[in-house]
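K.L.:
Be aware that the sequence shown starts at 102, since it is given in the working numbering, and climbs by one per residue. The following block contains the structure, expressed as structure tokens.
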Amino acid sequence: MRRTLSRIHREIPDLVIHEVPSGTQVFDWIIPPEWSISTARLTDPSGCTVIDYADNNLHVVGYSDPVDVVVTKSELDEHLHSIEEQPSAIPFVTSYYHDRWGFCLSHEARDQLPDGSYHAFIDSKKESGTLTLGELVIPGETEDEVFLSTYICHPSLANNELSGPVVAVALARYIMNMPNRHYTYRIVFVPESIGALTYASLRIRELKAHVIAGFQLTCIGDDRAHTYIASRDGNTRIDRTARRVIRSLPNPVEYSYLARGSDERTYCAPGIDLPHVSVIRSRYADYPEYHTSLDDLENVVTPSGLQGGFDAVRMCIDELEAEPVLVAQQRGEPQLGRRGLYHTLLNKNTPEDVMLRTDVLAYADGQHSIRDIAELTDTDFQHVSGVVEQLEAHGLVKFQMQTQQVP
């Protein structure tokens, strides 16, 4: 974690690194003891090392207890993890808030283990320490914020891990080089789950007061799909923007919030309720290499995949920066008739443009752009623009950049 953040700091020197002590209450959770490991190996009955942590840091179950024991083959089996359907893969396994130890290996190697006694040795520690996270705030013209979160806790995984921070760094550079930046941008690098809970707990007031759009950046480096996972609300402005962008790209895939699986769980949870979506490539668990040693930089993550992930998020940001929202200037439904914008005889057939004017006014709530309303009403963008110009000329709507609070 700390080496990763140090490396990211070299790319974006304004990154601030925070340390939050073990034992700190973060909502319903408590930051656990810090885990560290130096060496680990499994030795077979003949004394040969069959697993060595130095060869691949996926070989040990994350957060394993220290152990130095001799066990039989049958006893060892309870502590081994492999995937029969992917015989050459080493699985990524982590123990959550439970004391255990274990090794991970390919199923091919597991099948070749002979009967007899094995020496299992894991030199690890769990002790009071700190949870480490990184935070970058890029000021804009206003305090309204776009929030991007990624995680840095999965060892030796390319798409599920490395792609998110890589794209986040590229986006940070892009944002810092914008000639005009209306929004403030907040980018965080955290350990998944407990890190997001910690960060949200620390910054809950700022996040709820200022965030108008959020992105989860993970699994964003392969070439197989462009994927959008909705916020819990499912119809915030960033939901509509992200859907449009994803649908404009090759191999679009869309999911509701029921398909969540990353830190959007925290940022969208009741009581936090951020407008937070995932804009990714292949969704976690949807690609076969997920959570295994096969998730690498040769067969999964590609330069074009990373570029495609970056471009999808950039396009969303560009739209947020470029397209203001509409705000009604009257409380309740305005009287259109005295402005010559409504028919004066009530009958069954209401003119199409009259209804479109009322639809535009109904959604001029500070959360919808012209593009949003055009999609909602299934009307040509230019046609809606013309109606908006009419209403604007009569002082009934105005344009403004989206703010966190609805006027």
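By construction, the Cβ of each residue, glycine as well, lies at the ideal position given by its N, Cα and C atoms.
Ile131: buried (16+ other C-beta within 10 angstroms of its C-beta) or exposed?
P.N.:
Looking at its Cβ environment, which holds fewer than 16 other Cβ atoms inside 10 Å, Ile131 is exposed.
K.L.:
Straight-line CA distance for Val507 to Tyr443?
P.N.:
Confidence at Val507 is low in this model, with a pLDDT of 44, below 50, so its placement is unreliable and the value that follows should be read with caution. So the two alpha carbons sit approximately 27 Å from each other.
K.L.:
Rounded to a whole number of angstroms, what is the C-alpha to C-alpha distance between Leu318 and Gly438?
P.N.:
49 Å
K.L.:
According to DSSP, Ile109 sits in a beta bridge with which residue or residues?
P.N.:
Answer is none; Ile109 lacks a bridge partner.
K.L.:
Roughly how many whole angstroms lie between the Cα atoms of Val247 and Ala475?
P.N.:
Going from the Cα of Val247 to the Cα of Ala475 covers about 24 Å.
K.L.:
How do the region 182-197 and the region 111-120 stand: do at least 3 beta-carbon pairs fall below 8 Å, yes or no?
P.N.:
no
K.L.:
Applying the criterion that 16 or more other CB atoms from any shown protein chain within 10 Å of the CB defines a buried residue, is Asn336 buried or exposed?
P.N.:
exposed
K.L.:
Count the other CB atoms within 10 Å of the CB of Ser405; is the residue buried (16 or more) or exposed (fewer)?
P.N.:
Exposed, because fewer than 16 other Cβ atoms sit within 10 Å of the Cβ of Ser405.
K.L.:
Tell me which residues share the same chain as His392 and place their Cβ nearer than 6 Å to its Cβ, disregarding the 5 neighbours each side in the sequence.
P.N.:
Phe193
K.L.:
With 16 as the cutoff for other CB atoms within 10 Å, does Ser229 come out buried or exposed?
P.N.:
exposed
K.L.:
Classify Gly441: buried if its beta carbon has 16 or more other beta carbons within 10 angstroms, exposed otherwise.
P.N.:
Here Gly441 is exposed. Its C-beta has fewer than 16 other C-beta atoms within 10 Å.
K.L.:
Return the chain-ordered list of same chain residues with a C-beta closer than 7 Å to the C-beta of Ile191, the five sequence neighbours on each side being excluded.
P.N.:
Closer than 7 Å at the Cβ level, and outside the excluded window around Ile191, lie Asn157, Leu159, His160, Cys205, Leu206, Ser207, Thr393, Ser394.
K.L.:
Label His199 either buried or exposed according to how many other C-beta atoms from any shown protein chain fall within 10 Å of its C-beta, with 16 as the threshold for buried.
P.N.:
Looking at its Cβ environment, which holds fewer than 16 other Cβ atoms inside 10 Å, His199 is exposed.
K.L.:
So, with DSSP's three-state summary, where would you put Leu232?
P.N.:
strand
K.L.:
Under 8 Å, do Val498 and Gly467 count as touching if we go by C-beta distance?
P.N.:
no
K.L.:
Measuring alpha carbon to alpha carbon, tell me which of Arg103, Met277, Arg366 ends up nearest Ile295.
P.N.:
Arg366
K.L.:
Hey, which unbroken runs of the alpha helix (DSSP H) at 4 residues or more fall wholly within the region 163-200?
P.N.:
174-178
K.L.:
Mind checking Ser357: buried by the 16 CB within 10 Å criterion, or exposed?
P.N.:
exposed
K.L.:
Roughly how many angstroms lie between the CA atoms of Pro353 and Lys227, to the nearest whole one?
P.N.:
Using only the alpha carbons, I get a separation of about 43 Å.
K.L.:
Is Leu258 helix, strand or coil by DSSP?
P.N.:
Here Leu258 sits in coil by DSSP.
K.L.:
Rounded to whole angstroms, how far is the Cβ of His327 from the Cβ of Met502, which I believe are closer than 8 Å?
P.N.:
Incorrect: roughly 27 Å between the Cβ atoms, too far for contact.
K.L.:
What does DSSP give as the partner residues of Val205 in its beta bridges?
P.N.:
Here residue 205 is Cys; the residue named in the question, Val, does not match the sequence. Per DSSP, His182.
K.L.:
Which complete beta strand (DSSP E) runs does the region 279-321 hold, if anything under 3 residues is left out?
P.N.:
The region 279-321 contains these whole beta strand (DSSP E) runs: 285-291, 312-318.
K.L.:
Apart from the five residues on each side of it in sequence, which residues of its chain come closer than 7 Å, Cβ to Cβ, to Arg361?
P.N.:
Ile330
K.L.:
DSSP state of Pro122, grouped into three classes?
P.N.:
strand
K.L.:
On a Cα-Cα basis, can you pick out the residue from Leu407, Asp324, Asp396, Arg306 that is closest to Gly372?
P.N.:
Arg306
K.L.:
Please state the DSSP three-state secondary structure of Val461.
P.N.:
Here Val461 sits in helix by DSSP.
K.L.:
In angstroms with no decimal places, state the Cα-to-Cα distance between Glu293 and Leu232.
P.N.:
If I take the Cα positions, the gap works out to 11 Å.
K.L.:
Ser264 and Gly410: beta carbons closer than 8 Å?
P.N.:
yes
K.L.:
Note the first and the last residue of the continuous alpha helix (DSSP H) segment covering Arg142.
P.N.:
Premise fails: Arg142 lies in the beta strand (DSSP E), 135-144, not in any alpha helix (DSSP H).
K.L.:
Does DSSP put Leu398 in a helix, in a strand, or in coil?
P.N.:
coil
K.L.:
Nearest by alpha-carbon distance to Gly203: which of Ser225, Gly217, Gln187, Val461 is it?
P.N.:
Comparing Cα positions, the closest option is Ser225.
K.L.:
Measuring CB atoms only, is the region 235-254 touching the region 138-152, in the sense that at least three cross pairs come out at less than 8 Å?
P.N.:
Pairwise C-beta distances place the region 235-254 out of contact with the region 138-152, as fewer than three of them are shorter than 8 Å.
K.L.:
Near Arg458, what residues of its chain come up, given a Cβ to Cβ distance below 8 Å and the 5 sequence neighbours on each side ignored?
P.N.:
Leu437, Leu442, Tyr443, Val488, Gln491, Leu492
K.L.:
Our contact map puts Leu177 next to Phe290 with C-beta atoms below 8 Å; I'd like the distance itself, whole angstroms only.
P.N.:
Not a contact, Cβ separation roughly 37 Å.
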